Structures are given as C-alpha cells and as structure tokens.
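Reading through the structure tokens given below for one structure.
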Amino acid sequence: ALSEDEFHDAVSES
Amino acid sequence: MSKLDQVLILDPPCDLRFKGPFTDVVTANLKLKNPSDRRVCFKVKTTAPRRYCVRPNSGVIDPGAAVNISVMLQPFDYDPNEKSKHKFMVQTIFAPSNNSDNDSLWKDAKPDDLMDSKLRCVFEMPSE
Numbered sequence: 001a002l003s004e005d006e007f008h009d010a011v012s013e014s
Numbered sequence: 001m002s003k004l005d006q007v008l009i010l011d012p013p014c015d016l017r018f019k020g021p022f023t024d025v026v027t028a029n030l031k032l033k034n035p036s037d038r039r040v041c042f043k044v045k046t047t048a049p050r051r052y053c054v055r056p057n058s059g060v061i062d063p064g065a066a067v068n069i070s071v072m073l074q075p076f077d078y079d080p081n082e083k084s085k086h087k088f089m090v091q092t093i094f095a096p097s098n099n100s101d102n103d104s105l106w107k108d109a110k111p112d113d114l115m116d117s118k119l120r121c122v123f124e125m126p127s128e
C-alpha cells in the first residue's frame, strides 16, 4: 500500500 | 514490481523508542548490520527532518560490518495524548564496484536497486 508519508533526507546538524 | 528485500539487519527492526522527559535532546540508537559479502551504501530519511539530528545520516557499510546511528530528538513540548506520527526510513543500495562518488550513485540509482526499511517513532515518559 502506498504510504502517505513524505520522507526527506535526515540532517546531521540541528 | 518485486522490490529488493532490505539487505541490512536493523536493530531495532521496527520502532525507535524515545524516553522522556523531552525538555532536552533525547537520543535513540539504531544499529545497521551488513551480513552480506558486498559493501552497502545507506542514507537515513525521515518525515520530520527539522525535529531530529541523525549521525551519521548516510555512509557505506563494509561486508560483515555494522554502524551505530544516533537519532537525536530535539526538545519539544510533549503531549501524552498526541501519538507520534514521525517515521524513519533507511534507504540502501549495493555499492558499485567502481568507486563512483556517492551523490551520483543515489541520483542514478534505479528504483529496483533501492532497498528501504521504515521505522516508527514511539515516545514514552519515564514510568513515574
């Protein structure tokens, strides 16, 4: 099933 | 479309647990183990990029090796009634034999070559 979530690259600096 | 199964072994496999209080940074650890005989490139993605620092957020894991990732949840006003909907994805691809640079590797990657695993985030307060 297509998940409605939109993923972005995680960042290593806050 | 038969998707490639994730080659890495994730620990934990499904849920990242963050134990409060959330007035300071809370870190969860995610271990990625490469049981295969090939080098594996990984990168971490999330549905809430501004809420977490992830170190390292990408890299290459040698055959048989493992990497520990620190997932640091930034402080926020915790609402016990609000269930976290944040998710993480570990996207992986077998490293090509020629040492092409990492960026072009991901840019040129064919969807069928990509493997990914999703994890949920679970927030819990220290049991009173």
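Keeping their order, the protein sequence lines are chains S and X.
If you read the first sequence in our numbering, its first letter stands for residue 1, the second for the next number, and so on.
If you read the second sequence in our numbering, its first letter stands for residue 1, the second for the next number, and so on.
Just so it is clear, CB atoms sit at the ideal spot from N, CA and C, and this is done for glycine as well.
Predicted model, so just to flag it, every value in this text is computed and none were measured.
Is the CB of MET1/X under 7 Å away from at least one CB in chain S? Caution is warranted here: a pLDDT of 44 is assigned to MET1/X, below 50, making its placement in the model unreliable, and the coordinate value is therefore given only provisionally. Judged by the 7 Å Cβ criterion, MET1/X is not in contact with chain S.
Straight-line Cα distance separating MET72/X from LEU119/X: 15 Å
Residues near PRO75/X in its chain [Cβ-Cβ closer than 7 Å; skip 5 each side]: PHE22, THR23, ASP24, VAL25
With a threshold of 16 other CB atoms inside 10 Å of the CB of ASN98/X, please say whether the residue is buried or exposed. exposed
Close-in-space but distant-in-sequence residues of the same chain around SER84/X (CB under 7 Å, 5 per side omitted): CYS121, VAL122, PHE123
What residues in the stretch 27 to 43 of chain X bring their beta carbon closer than 9 Å to a beta carbon of chain S? LYS43
Would you mind stating whether VAL7/X and MET89/X have Cβ atoms separated by less than 7 Å? no
Which residues bound the alpha helix (DSSP H) around LEU10/X? Unbroken run through LEU10/X is the beta strand (DSSP E), 9 to 11; no alpha helix (DSSP H).
Per the DSSP calculation, ALA28/X is bridged to which residue(s)? VAL71/X
Checking contacts by CB at 7 Å: is SER70/X closer than that to chain S? no
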